[in-house]
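Peer 1:
There are 4 protein chains.
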Amino acid sequence: METPVVKGLRADAWRNRARLLAVAEDVFASRGPSASTEDIAVAAGVGIGTVFRHFPTKEALLEAVFVERLQRLIDDARQLSSAPDAGQAFFIFFRSVLDQAHSKSAIADALAHAGIDLKDSMAGVKEDLNAGLNALLVRAQRVGAVRDDIGIAELLALLVGAARAVDHAAGNTDVEDRTLEVILDGLRPHSRRSTRG
Amino acid sequence: METPVVKGLRADAWRNRARLLAVAEDVFASRGPSASTEDIAVAAGVGIGTVFRHFPTKEALLEAVFVERLQRLIDDARQLSSAPDAGQAFFIFFRSVLDQAHSKSAIADALAHAGIDLKDSMAGVKEDLNAGLNALLVRAQRVGAVRDDIGIAELLALLVGAARAVDHAAGNTDVEDRTLEVILDGLRPHSRRSTRG
Amino acid sequence: METPVVKGLRADAWRNRARLLAVAEDVFASRGPSASTEDIAVAAGVGIGTVFRHFPTKEALLEAVFVERLQRLIDDARQLSSAPDAGQAFFIFFRSVLDQAHSKSAIADALAHAGIDLKDSMAGVKEDLNAGLNALLVRAQRVGAVRDDIGIAELLALLVGAARAVDHAAGNTDVEDRTLEVILDGLRPHSRRSTRG
Amino acid sequence: METPVVKGLRADAWRNRARLLAVAEDVFASRGPSASTEDIAVAAGVGIGTVFRHFPTKEALLEAVFVERLQRLIDDARQLSSAPDAGQAFFIFFRSVLDQAHSKSAIADALAHAGIDLKDSMAGVKEDLNAGLNALLVRAQRVGAVRDDIGIAELLALLVGAARAVDHAAGNTDVEDRTLEVILDGLRPHSRRSTRG
DNA sequence: GATGAATGAGACTTCATTCAT
DNA sequence: AATGAATGAAGTCTCATTCAT
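Residue numbers (the working numbering), protein chains in the order written: chain A, 9 to 205; chain B, 9 to 205; chain C, 9 to 205; chain D, 9 to 205.
(1) Between the alpha carbons of E162(A) and G194(B), how many angstroms are there, rounded?
(2) Compute the distance between the beta-carbons of V54(D) and L28(D), then report whether it is under 8 Å.
(3) Tell me the DSSP secondary structure of G55(D) in three-state form.
(4) Closest Cβ-Cβ distance between G205(A) and chain B: below 8 Å?
(5) With distances taken from CA atoms, which of S104(A), H176(A), A165(A) and L70(A) is nearest G179(B)?
(6) What residue does the alpha helix (DSSP H) around F212(A) start on, and which one ends it?
(7) Please compile the residues from chain B whose C-beta is within a distance smaller than 9 Å of the C-beta of L78(A).
(8) Enumerate, from N- to C-terminal direction, the unbroken alpha helix (DSSP H) stretches of 4 or more residues contained entirely within the region 119 to 195 of chain C.
(9) Decide if the region 27 to 46 of chain B is in contact with the region 65 to 73 of chain B; the criterion is three or more beta carbon pairs, one per stretch, under 8 Å apart.
(10) Is there a Cβ from chain C that is less than 8 Å from the Cβ of S44(D)?
(11) For T65(D), does the three-state DSSP call read helix, strand or coil?
(12) Would you please verify whether the beta carbon of T187(C) is less than 8 Å from any beta carbon of chain D?
(13) If you run the structure through DSSP and keep just helix, strand and coil, what is S90(C)?
(14) In chain order, what residues of the same chain have a beta carbon less than 8 Å from the beta carbon of F101(A), not counting five sequence neighbours either side?
(15) Could you round the C-beta distance between V190(B) and I158(A) to whole angstroms and report it? I think they count as a contact, below 8 Å.
(16) Rounded to the nearest angstrom, what separates V14(B) and G57(C) at their Cα positions?
(17) Could you work out which residues of chain A lie near H62(B), taking near to mean beta carbons separated by less than 9 Å?
(18) Measuring alpha carbon to alpha carbon, tell me which residue in L188(C), Q149(C), A19(C) and A114(C) is nearest L78(C).
(19) When the distance is taken between beta carbons, is S42(D) closer than 8 Å to S42(C)?
(20) State the Cα-Cα distance for the pair Q149(D) and N142(C), rounded to the nearest angstrom.
(21) What residues in its chain sit with their C-beta under 7 Å from that of A19(A), if we drop five residues either side in the sequence?
(22) For S104(D), does the three-state DSSP call read helix, strand or coil?
(23) I think A30(A) touches L106(A), with their Cβ atoms under 8 Å apart; what is that distance to the nearest whole Å?
(24) Between G169(C) and chain D, is any beta-carbon pair separated by less than 8 Å?
(25) Does any C-beta atom of chain B lie closer than 8 Å to the C-beta of H121(A)?
(26) When DSSP labels each residue in this structure, what does A49(C) get in the three-state scheme?
(27) Could you check how far apart the C-beta atoms of D136(B) and I82(B) are, in whole angstroms? I think they sit under 8 Å.
(28) For K66(A), which residues in the same chain have their Cβ closer than 7 Å to its Cβ, ignoring the five residues on either side in sequence?
(29) Answer with buried or exposed for G140(C), where buried requires no fewer than 16 other C-beta atoms within 10 angstroms of its C-beta.
(30) My output table needs one value for S113(A): the three-state DSSP class, helix, strand or coil.
(31) So R172(B) contacts chain A; which residues on that side make the cut at Cβ distance below 7 Å?
(32) Would you say D157(C) reaches chain D, if we count a Cβ-Cβ gap shorter than 8 Å as a contact?
(33) What's the gap between the Cα of A177(B) and the Cα of R23(D)?
(34) Taking the Cβ atom as the reference point for each residue, do L192(C) and F99(C) lie within a distance shorter than 8 Å?
(35) Could you give the C-beta distance for V154(D) and R103(D), rounded to a whole number, given that I count them as a contact under 8 Å?
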């Protein structure tokens with residue numbers, strides 16, 4: 009994961025790209041997508057020119073940040089897809105999505121864009137994400153841990169919605185937990201409703 | 009409801025204000041809060057100066073749009089709070105929130121701001137919203153239609169999240185319905201889970 | 009002086025005109041000539057339309073304020089021009105110009121414009137001002153109270169400069185006094201230099 | 009004096025900054041401080057963005073112009089403060105202030121602001137100016153060339169006033185000279201009144 | 001005559017993007 | 001490759017002026 013994805017870059021250039029991506033994720037998460045590219049350059053300690061050398065437009069940078077975030081989700085999904093308890097795996101994944109650091113709505117944005125933007129780099133990611141989610145979901149449904157009447161589309165919408173809901177409760181952990189519990193309970197089949205709280 | 013809220017304005021001025029608010033709601037819903045004031049002026053068929061005469065800053069315009077939206081929700085909540093079937097009233101309200109025309113995420117934004125911005129005009133609205141939601145929620149919980157372990161904070165977060173979730177499924181009515189059903193089921197107490205397809 | 013200058017106005021209209029002029033003088037003096045016409049309308053308690061009915065442009069309003077101020081100076085000069093002690097009369101006048109309430113630089117502006125703008129209304133005022141100043145100056149020079157080598161042009165420039173100088177010292181009465189004394193001493197013939205402070 | 013004051017700028021950037029400052033001085037002098045930033049950009053042959061890169065607000069630009077002008081006065085004062093004839097030095101300085109090119113009232117504005125605005129950049133300049141003026145003034149007073157009853161405050165006010173006075177006489181050199189002579193005579197002790205004119 | 005809502009040119013300022021160094 | 005100065009379109013907001021009420 010820490011090896012150059014884009015080939016043919018000098019070591020320092022690739023380091024800059026990685027740093028920019030990380031910094032951009034932070035800045036966009038905390039100040040929203042309208043944060044200026046200049047601010048990101050400053051935060052990354054590089055010149056503005058360097059940002060545009062690596063990401064030809066601001067949108068490309070935003071997209072790269074989304075892809076990065078989604079990539080991590082996909083990795084999580086893959087690792088959990090072979091866990092022994094399919095039900096547990098599914099719910100652990102759902103929670104882990106929302107545990108991502110920073111603003112949850114940033115994740116919501118990333119997920120939201122995955123289903124909408126069909127840009128070059130997004131296309132492959134979308135397929136990978138669908139595959140990963142599908143594996144988790146179907147396995148969990150097969151063992152009766154998740155209701156049968158939903159598919160990937162619903163799962164994605166619920167992830168986005170849950171991220172936004174949790175984001176709105178930001179600050180109050182109790183509220184966050186109870187809110188998420190409602191959604192997770194909604195995902196369980198009739199007879200397996202959680203008894204917590 | 010169709011009478012001047014802001015007193016002392018001429019009839020024509022108030023018509024312009026109402027028109028602007030409606031147009032702004034449309035434009036912000038479809039192009040996001042970063043839509044330009046100029047665009048709204050053009051869409052409303054007035055000069056840019058007229059927008060700023062009625063709403064001294066862009067933020068004031070956004071706030072007015074939010075307040076308008078919330079006001080409608082509050083009205084809905086009030087009317088339903090005296091319905092005979094408290095459980096039905098609650099779920100009808102929840103669905104009606106998401107039925108509001110335009111982009112659902114616009115509603116999410118309005119709701120989200122209600123809990124954050126404590127601006128002058130917002131303050132009163134927030135109280136009214138809380139009161140309206142509380143009446144609906146408590147009554148529904150009392151008759152056992154809604155789980156007891158959530159309060160207004162969770163309800164608000166879920167409304168925001170549901171709006172976003174439904175927004176993400178935008179276009180596919182089936183997905184919208186099933187996604188919403190999951191969240192509504194999550195709100196029901198253990199034994200009253202919906203059995204719909 | 010308190011009778012309508014512009015004929016054919018209703019009593020209330022003329023009152024509005026007078027009030028506007030007074031208010032405009034205040035506002036321009038305290039906030040500068042870039043104060044908005046709207047502000048003046050508000051301060052005068054009339055609608056913006058009324059301002060433009062009486063003064064077709066902002067510049068016309070500014071000009072009217074200048075003329076008003078100059079008119080008062082001219083009146084002062086006339087009254088003093090028949091005083092028994094010509095020297096005393098001259099210096100009393102010079103000081104009285106700077107005693108006008110409000111910002112001194114406002115007076116400087118008015119005086120400055122008198123020599124520059126040759127607009128309709130200004131033309132006559134300029135002649136009156138010159139006549140008044142000339143009477144005072146020549147009489148004072150004749151009795152040896154003021155040096156002989158200056159004329160109206162120099163006197164006007166010195167009035168403008170003194171107004172600005174005093175304005176700069178604003179707040180510190182001692183500095184104001186000593187500064188003015190320097191200029192007045194400069195106006196006296198060699199042997200009559202003041203011996204104050 | 010012609011070396012970069014603000015460090016860390018490329019040669020070309022500094023050239024632009026210097027050019028902008030010079031052009032801004034001209035434009036503000038001839039059209040007043042309300043001249044538009046855009047006009048200055050055009051006159052300097054740069055894009056509007058360049059103006060704001062060097063001076064983040066219009067006020068910052070105005071301030072920089074003031075500081076520049078004051079800096080020149082301070083330099084003059086310093087050079088003259090070690091001249092053999094202290095009296096001559098003082099009067100040469102006073103005249104040289106008014107000889108600065110462009111509109112004299114621009115100088116008046118700069119001097120006027122020196123005593124009012126205590127902005128960051130102004131603070132140091134004000135001290136330097138005071139120090140420079142004080143050296144000239146005290147030395148001239150010590151040799152009996154200037155009356156003893158004035159201090160820096162009065163000197164500054166007189167410089168401002170003289171600039172304005174001369175500005176008002178603009179165009180007529182004779183009037184300018186005689187007006188200035190009056191003020192300079194006022195500065196001399198009783199027995200040393202000029203005999204010119 | 002008085003009012004104040006409407007207008008739109010123009011001001012200041014930001015920011016994505018380009019390009020000379 | 002990296003830098004950051006330059007650019008100018010576009011955005012928010014102000015204000016003198018007009019005109020329907």
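The C-beta atom is built at its ideal place from N, Cα and C for all residues, glycine as well.
Peer 2: Reading it off the structure:
(1) Within the model, the alpha-carbon separation for E162(A) versus G194(B) is close to 15 Å.
(2) In this structure, L28(D) lies closer than 8 Å to V54(D) by Cβ.
(3) Secondary structure at G55(D): coil, using DSSP grouped into helix, strand and coil.
(4) For G205(A), the predicted structure reports a pLDDT of 43, less than 50, and the residue's modelled location is therefore unreliable. The matter cannot be settled from this model.
(5) Nearest neighbour of G179(B) by Cα position, chosen from S104(A), H176(A), A165(A) and L70(A), turns out to be A165(A).
(6) Because chain A is modelled from 9 through 205, residue 212(A) falls outside the range shown and cannot be assessed.
(7) Counting only Cβ-Cβ distances below 9 Å, L78(A) has no contacts in chain B at all, with the closest Cβ about 14 Å away.
(8) Counting whole runs of 4 or more residues, the region 119 to 195 of chain C contains the alpha helix (DSSP H) stretches 128 to 150, 160 to 176 and 181 to 195.
(9) Yes: the two stretches touch, three or more of their Cβ pairs being nearer than 8 Å.
(10) Using a CB distance cut-off of 8 Å, S44(D) does not count as an interface residue toward chain C.
(11) Three-state DSSP puts T65(D) in coil, outside helix and strand.
(12) T187(C) counts as touching chain D.
(13) Correct three-state label for S90(C): coil.
(14) Excluding positions up to five away in sequence, the list reads D84, A85, L88 and L144.
(15) Taking C-beta atoms under 8 Å as the contact rule, V190(B) and I158(A) qualify, at a distance of about 7 Å.
(16) Here the model assigns V14(B) a pLDDT of 49, short of 50, so the residue's position is not dependable, and the following value carries that caveat. Using only the alpha carbons, I get a separation of about 23 Å.
(17) Contact note: H62(B) does not reach chain A at a C-beta cutoff of 9 Å; the least C-beta distance is about 25 Å.
(18) If we check each option's Cα against that of L78(C), A114(C) comes out closest.
(19) Cβ distance < 8 Å, so S42(C) and S42(D) count as in contact.
(20) Distance between the alpha carbons of Q149(D) and N142(C) is about 35 Å.
(21) So no residue of the chain qualifies.
(22) In this structure, S104(D) counts as helix in the three-state DSSP scheme.
(23) At roughly 20 Å, the Cβ-Cβ gap does not stay under 8 Å, so A30(A) and L106(A) are not in contact.
(24) For G169(C), the answer is yes, since a Cβ of chain D falls inside 8 Å of its Cβ.
(25) No, its Cβ sits nowhere closer than 8 Å to a Cβ of chain B.
(26) Note: A49(C) maps to helix in three-state DSSP.
(27) Correct: roughly 5 Å between the Cβ atoms.
(28) Excluding sequence neighbours, K66(A) sits near T45.
(29) Label assigned to G140(C): buried.
(30) Correct three-state label for S113(A): helix.
(31) Using a Cβ-Cβ cut-off of 7 Å, R172(B) is close to A116, V168, G169 and R172 of chain A, given in chain order.
(32) It does; some Cβ of chain D falls within 8 Å.
(33) Spanning the two alpha carbons is a distance of roughly 56 Å.
(34) Taking C-beta atoms as the reference points, L192(C) and F99(C) count as a pair closer than 8 Å.
(35) Incorrect: roughly 14 Å between the Cβ atoms, too far for contact.
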